[in-house]
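Following: one structure in structure tokens, then a few remarks.
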Amino acid sequence: MKNIYIIYIFFIVTISGLVGQSLYNHPELKWHSFETEHFVFHFHDETENSAREAATVAEYIYEPITSLYNYEPPEKTQIIIKDTDDFTGGTAYFFDNKIEIWATPLAFDLRGAHRWLQNVITHEFTHIIQIQSSVLFRH
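So for the sequence shown, our numbering puts the first residue at 30; every next one is plus one.
See the structure below:
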């Protein structure tokens with residue numbers, strides 16, 4: 030019976046490692062980075078145009094959001110632009126001061142036309158500033 034548990038654990042660990050690596054890593058992508066005054070952008074070859082537009086948007090919204098909360102991050106915020114999945118959206122990691130944005134907007138007829146990249150960057154950066162500033166004021 031003990032051997033069955035050992036084999037089961039070995040199987041789970043092995044499969045988890047293989048599946049996790051294949052789903053989220055993309056070693057075929059060539060990544061690049063550039064910095065602006067308040068941000069560092071990371072993007073792969075197919076997303077350079079989105080990263081350049083994101084840089085313009087992020088610098089434009091930086092002052093209004095940071096002044097509203099009277100808080101600026103202690104270091105430049107990392108923004109990762111990627112288009113690895115058929116997915117759209119963004120994620121803010123406030124403790125890491127990092128934002129991930131999927132480059133392709135969710136576009137369909139009933140959603141309407143709007144500046145998707147501006148909306149998602151503003152939304153995620155507001156999370157970063159709002160939560161970091163609230164953590165600061167607690168201490």
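Glycine included, C-beta positions come from ideal geometry on N, C-alpha and C.
On a CA-only basis, which of the options is nearest residue i? Give me that one, please.
i, options, result
"A132", "E57, I108, T65", "I108"
"I157", "H55, Y91, I110", "Y91"
"S162", "H67, L146, D125, N99", "N99"
"T155", "D115, I110, P93, R144", "P93"
"E153", "D114, V86, P103", "V86"
"F124", "S79, P103, H55", "P103"
"Y122", "I36, I35, I38, Q159", "Q159"
"Q147", "I36, H55, E82", "E82"
Name, in chain order, the residues that DSSP records as bridge partners for residue i.
i, result
"H55", "DSSP, once it has assigned bridges, lists no residue as partnering H55."
"T95", "Bridge partners of T95: none, in fact."
"K127", "Q107, Y122"
"F116", "None; F116 has no bridge partner."
"W60", "H73"
Can you list, in chain order, the residues of its chain whose CB lies under 6 Å from that of residue i, leaving out five sequence neighbours each side?
i, result
"A84", "T65, F70"
"K127", "Q107"
"H55", "T113"
Report yes if the C-beta of residue i is less than 8 Å from at least one heavy atom of the ligand NAD; otherwise report no.
i, result
"T95", "For the ligand NAD, the structure offers nothing, since it holds no ligand at all."
Buried or exposed: which applies to residue i, given that a residue is buried once 16 or more other Cβ atoms fall within 10 Å of its Cβ?
i, result
"T120", "exposed"
"V164", "exposed"
"E57", "exposed"
"S62", "exposed"
"I130", "buried"
"I33", "exposed"
Excluding the 5 residues preceding and the 5 following residue i in the sequence, name in chain order all residues of the same chain whose CB lies nearer than 7 Å to its CB.
i, result
"E75", "D112"
"K105", "E64, H67, F68, V69"
"A80", "F70, F72, I110"
Enumerate in chain order the residues of its own chain whose CB-to-CB distance from residue i is below 8 Å, with the five nearest sequence positions on each side excluded.
i, result
"K59", "H73, D74"
"Q50", "With a pLDDT of only 43 at Q50, under 50, the local geometry of the prediction cannot be trusted, and the value read off the model is given with reservation. Here the set comprises nothing."
"D151", "According to the sequence as given, residue 151 is Thr; it is not Asp. Excluding positions up to five away in sequence, the list reads V86, I90, I94."
"E77", "H61"
"D114", "W131"
Compute the beta-carbon to beta-carbon distance between residue i and residue j, rounded to the nearest angstrom, for a pair I have assumed lies under 8 Å.
i, j, result
"T95", "E101", "5 Å"
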